[in-house]
Every structure is written in structure tokens, then in C-alpha cells.
Amino acid sequence: MQLRYNFRLYPTPSQCESLARAFGCARVVFNDALRARQDAHENGLAYVSDGDLSKQVITEAKRTPGRAWLGEVSAVVLQQALADLNMAYRNFFAYISGKRKGRKVAPPRYRSRKDNRQAIRFTKNSRFAVTAGGRLRLPKIGDVAVRWSRSLPSEPSSVTVVKDASGRYFASFVVQTTDEPLPEIESEVGIDLGLTHFAVTSDGRKVTAPKFLRRAQKKLRKAQKALCRKAKGSANRKKAVVKVAKAHAQVADARRDFAHKLSTSIIRDNQAVFVEDLCVVGLGRTRQAKSVHDAGWSAFVNMLEYKAARYGRTFAKVDRFFPSSQLCSACGVKDGPKPLHVREWTCAACGTTHDRDVNAAINIRTEGRKVATGHAETQNARRAQVRPGSVIPAQRDEAGTHPKHTAPAA
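Per the numbering used here, the sequence shown starts with residue 8, numbered consecutively.
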């Protein structure tokens, strides 16, 4: 399995300038290539092939006075920008031809220097390396300081340098891992996701929703108001934008850390994990959209899925139309839909009193076993994978720990 390992970078001012130059060159090559293909389409010409496009916007462009500065950065960075454009076109064509299912895929758009996130990618051809002193050596940039929280399990195949909206730099390594499966245990769990309780398990455990965005709302509102008062284009407005981005980054980091801790404990303690396939996109259009997005259900479920595959656990999703809250987990009688304010109900057939969420989690566990064995009564009509799962972000270290900052062997 391929995983991504992210580490914080601390470039010097001169290295920041070199990275900014690389970000800009990759953006220009991407935009030039996109413009060339759009012009060919508008003029009724044939689709520009990858080789001709590389020769036009990189090789020949470097010889012109207007693009001579493309030679100041690594050629691999420019080639990877074209690879990103080609991937965007392939995804778009696969969607319009019906081969790619799921959410709508739009055609590629031009990149802007004002984008909050900038990224460049180096492959093995660029000969990036980790030095003996623990620094990341990047071509035409130099040795960049890295804060290592753990060692890489294997030699990375590529590294992506990312600058986020808050001005932080990260190195994202893609590595191949071969983890040993965890020892088998007998326990299985069904999970019912919600807003008041983030997760309710079939064994009766209730995890209170942390509501990170709601808790930080006062700080975010203050930073946003300060941003609105700044004149557009001023230096103070740029500083205010960074403050808002940092506040949102703290919320996102806290939510990610919570999801990693909870998903790891669930995978470690259960041989099989079953969840409900919620339509988060649809719920994000309701009156509870803010709370739905604050919960981060999709990221949590994705973590459960890849960690189960990584450690040899069973994972299955129950169809979103399965009536988990309407069935009695004791006798199986369907008691009909109930308003959300009804948190407990008594089965008319057998007289068993149920907690609404725990009963739903038990039903999800029962149906999940059938899904895992292929005997489920309901199956999701859309089985296509919406998000690409070739490279998965590896779990970061949990907050509160003090890892040894040792660099991996060069």
C-alpha cells in the first residue's frame, strides 16, 4: 500500500524565494499548456499530444526571451505540472464518457498566483535526497530543514512540497509500506454517525461530537471582521488573510487529530468495522450544513477504510437507504420512521425499549456482516469510488506525545 508521510519544512528566506520561483514556473507551464490545448480545440485542430505539448511549452519556450527564466528551476517540476494537466484531462474525459462515476468533474482551469495553496512535485528523476544531517536536498533549491516526527518506512518514490494558505511549508513523501496485520480478535462493531454524538457504537459507547468549528467560531469571527476592514491590495490585508488562514488551519488540524485517534482505536480493538454510507454532499445542503461539515464524517470513514486494509481488518459500508433507525434490533420488526426528537422508543412487537442511536448501530453491525459476506438485502446502486485512493495520507503522530526528531537514513 502506498501512503503519504507529511513533515513540516522550515526553508530559509533565500530558499523561500527559490520555492516561490518554482511555484510560479510550474503554474506558468500549466497555464501555457492549457491555453495551447484550448486554442487547438477552438480552431478545430487535433488534440495536442503530450510529447508535442512538452516540446512547445518547455523545450522551445526556454529559448524565447519571454520564457527563458524557466531554466532557473528543475525540469522535473515543469514536467510534473504537465502530468497534472494530463491527469485533469483524463479525469474529465472519463467523466463525460461515463467511465468515471460519482460527482461532476469539470474541465481543467487556469491556475492563479493568488491561489491559497501552491505545490510542486519532485520524482526520483530529479535526484532529491535526504542528507545524513536530516535535511531534504531539492535540486536548484538547496538543503531544506525538516522536522522529522518519525522515520520513513522505505525509500520515497516522490516528494511534493506544499505551501498552504497560512504560509506553512510541508514535504509530502510517497512511500510503499508492507505492514503486518494486527492479531485477530473476535469483536465486531457497527458505528452510527451523528451530530450530537459523533459516533455511537453497537456496544453502547457514545463519543461526544467535539465541534471544533463551533468552539473556534468567536476567534474566527474576530479575525474575519479584521480582514474585512483592511483595504484591498494593502500589506495589512495580506497579513489579515494569513491570520484567518492560520485560525482555520488550527481547526482543521484538531479535527484531523481527533479523527485519527478515534479511528485508530476502533481499528485496533475490533476485527470488523461497519458504518453507514451517508450522503454527506446532500446533508451539506440542508439547514444543518455547518454542523455536518464541522463533523468531518467523510474523512473519518476514509481513515477507517484505509486503516482496515492496512492492518488486515474487515470494513464494509451499509447502504444509505437501509432503515437502521426503524428496525428493532431484537426481533427485526420495522416500526416505521420516527422524528429526530424521539431518542428512545419501545418495539410494539416484542416490547423492547431501545436507545435510538445504539439500536441503529446494532442494526448497522448486523447488516454490515451481510454486506461483507455478499448476502445483504440492499446494495448501493453506485459502487464506483468517488475519490481516488491510490495514495493515502499516513497517520500523523498524536498530540501530546514527544517523538524523537530523528531523521531517516539517507
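Note that CB positions come from ideal geometry on N, CA and C, so glycine has one too.
Where the alpha helix (DSSP H) through residue i begins and ends
i    : result
R363 : R363 to T380
I127 : Unbroken run through I127 is the beta strand (DSSP E), Q125 to T130; no alpha helix (DSSP H).
V287 : V287 to L290
D150 : Premise fails: D150 lies in the beta strand (DSSP E), G149 to R154, not in any alpha helix (DSSP H).
D59  : D57 to S61
Identity of the residue in the options nearest residue i by Cα
i    : options                   : result
P188 : A40, D364, E49 and I274   : I274
N366 : V196, Q125 and W304       : V196
C357 : I371, L16 and V340        : V340
N93  : K237, G31, S61 and S104   : S61
F30  : H48, S158, A68 and W76    : W76
G78  : Q45, R110 and V36         : V36
K268 : F281, A306 and A254       : A306
R157 : C32, A206 and R11         : R11
R144 : G319, R44, A178 and V182  : A178
V84  : S133, Q125 and F100       : S133
V137 : L159, R262, G291 and T293 : L159
V182 : E374, T359 and Q9         : Q9
R142 : F14, Q87, N123 and D199   : F14
D260 : V287, G303 and V288       : G303
K121 : K245, R212 and H48        : K245
P190 : T321, R34 and T353        : T321
L200 : A242, S270, R317 and W352 : S270
A82  : R128, F265 and R262       : R128
R175 : T353, G58, A337 and L16   : L16
D91  : N309, L290 and R116       : R116
H382 : P344, P346 and V325       : V325
S209 : S336, D57 and T185        : S336
D59  : G73, T71, Q86 and R74     : Q86
P146 : L89, P344, K108 and L26   : L26
G149 : C338, F135 and I198       : F135
G319 : A47, D186, W352 and P163  : D186
K69  : C32, I103, V151 and V153  : C32
Residue i, enclosing beta strand (DSSP E) - first and last residue
i    : result
K170 : S165 to K170
D77  : Note on residue identity: the sequence assigns Leu, not Asp, to residue 77. Run containing L77: none; DSSP gives neither H nor E here.
T359 : Taken as a continuous stretch (DSSP letters only), T359 belongs to no beta strand (DSSP E), as it is neither H nor E.
Residue i - DSSP class collapsed to helix/strand/coil
i    : result
N491 : The question about residue 491 has no answer, for the chain in this structure spans 8 to 417.
Q22  : helix
Q45  : helix
N13  : strand
R142 : strand
V137 : strand
R275 : helix
Y176 : strand
V393 : Reliability of the predicted coordinates at V393 is poor, the pLDDT of 34 falling under 50, and no value is obtained from them.
Q386 : For Q386, the predicted model reports a pLDDT of 49, less than 50, meaning its position is unreliable and no value from the coordinates is stated.
Near the ligand NAP: residue i beta-carbon under 7 Å from a heavy atom
i    : result
T271 : This structure lacks the ligand NAP, and indeed carries no ligand of any kind.
Only counting runs of 3 or more residues, tell me where the beta strand (DSSP E) segments fall wholly within the segment 180 to 261, in order along the chain. Runs of the beta strand (DSSP E) lying entirely within the segment 180 to 261 and spanning at least 3 residues, in chain order: 195 to 200, 204 to 208 and 213 to 215.
For this session: Pick out the complete beta strand (DSSP E) segments inside the segment 280 to 340, 3 residues or longer, and give them in chain order.
Result: With a minimum length of 3 residues, the continuous beta strand (DSSP E) runs that stay inside the segment 280 to 340 are 321 to 325.
*Evaluate the contact criterion for the segment 11 to 25 versus the segment 48 to 55: three or more CB pairs, one atom per stretch, below 8 Å.*
Counting Cβ pairs under 8 Å, fewer than three are found: no touch.
Worksheet entry | Validate contact between the segment 271 to 289 and the segment 232 to 241 using beta carbons, cut 8 Å, 3 pairs | No, they do not touch.
| said: Using a Cβ distance threshold of 8 Å, determine whether the segment 247 to 262 contacts the segment 171 to 190, with at least three qualifying pairs required. | reply: By the Cβ criterion, the segment 247 to 262 is in contact with the segment 171 to 190, since at least three pairs of Cβ atoms, one from each stretch, lie closer than 8 Å.
* Asked: With contact counted as at least three CB pairs below 8 Å, one residue from each stretch, are the segment 320 to 331 and the segment 368 to 385 in contact?
  -> Touching, yes, given that three or more Cβ pairs across the two stretches are closer than 8 Å.
Original post:
If you pair each beta-carbon of the segment 216 to 223 with each one of the segment 294 to 313, do three or more pairs fall below 8 Å?
Top reply: A contact exists between the segment 216 to 223 and the segment 294 to 313.
| query | Is the segment 39 to 50 touching the segment 61 to 71, taking contact as three or more C-beta pairs under 8 Å? | reply | Three or more pairs of CB atoms, one per stretch, sit closer than 8 Å, so the segment 39 to 50 contacts the segment 61 to 71.
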